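*Asks:*
Numbering (this note's numbering), first residue to last: 1202 to 1277.
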């Protein structure tokens, strides 16, 4: 995975594609949930999300980094 940040809007689109939706706000982070899965926090106040945060979220989703990067090329 490259070390460049990714667009927050793009990441939220990807989460929605995998069945996650906004649930609540906790502090400065919006919480995205999917029944039966771990919550993924997103700091929506920022325009971009650091690559290491994306990598952690992908691990939670069970998605390979290359699959996400290919999806970004086609959809963002």
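For glycine and all other residues, C-beta sits at the position ideal for the given N, C-alpha and C.
Treat the numbers as computed from the prediction; the structure is a model and nothing was measured.
Classify residue 1258 as buried or exposed, calling it buried when 16 or more other Cβ atoms lie within 10 Å of its own Cβ.
*Replies:* Along the chain shown, read from residue 1 onward, the residue named residue 1258 stands at position 57. So residue 1258 counts as buried.
*Asks:* How would you call residue 1262, buried or exposed, if buried means at least 16 neighbouring beta carbons within 10 angstroms?
*Replies:* Taking the chain shown and counting its residues from 1, the one referred to as residue 1262 is at position 61. By the neighbour-count rule (16 or more Cβ atoms within 10 Å), residue 1262 is buried.
*Asks:* Is the Cβ of residue 1251 closer than 8 Å to any Cβ of chain B?
*Replies:* Of the protein chains in this structure there is only one, and it is not chain B.
*Asks:* Within this structure, are the beta carbons of residue 1208 and residue 1270 separated by less than 8 Å?
*Replies:* Numbered from 1 along the chain shown, position 7 holds the residue referred to as residue 1208. Numbered from 1 along the chain shown, position 69 holds the residue referred to as residue 1270. No, the pair does not count as a contact, with Cβ atoms beyond the cut-off.
*Asks:* Using DSSP with H/G/I as helix, E/B as strand and the rest coil, what is residue 1254?
*Replies:* Here residue 1254 refers to the residue found at position 53 when the chain shown is read from its first residue. Residue state, collapsed to three classes: helix.
*Asks:* Sort 1272, 1252 and 1237 by Cα distance to residue 1205 and report the nearest one.
*Replies:* If you number the chain shown from 1, residue 1205 lands on position 4. The shortest Cα separation from residue 1205 among 1272, 1252 and 1237 belongs to 1252.
*Asks:* Is the separation between the beta-carbon of residue 1278 and that of residue 1274 shorter than 8 Å?
*Replies:* This structure gives no information on residue 1278, because the portion of the chain shown stretches from 1202 to 1277.
*Asks:* Please determine, among 1229, 1277, 1236 and 1226, the residue with the shortest C-alpha to C-alpha distance to residue 1219.
*Replies:* For the purposes of this step, residue 1219 is taken as the residue at position 18 of the chain shown. Here the closest residue by C-alpha is 1236.
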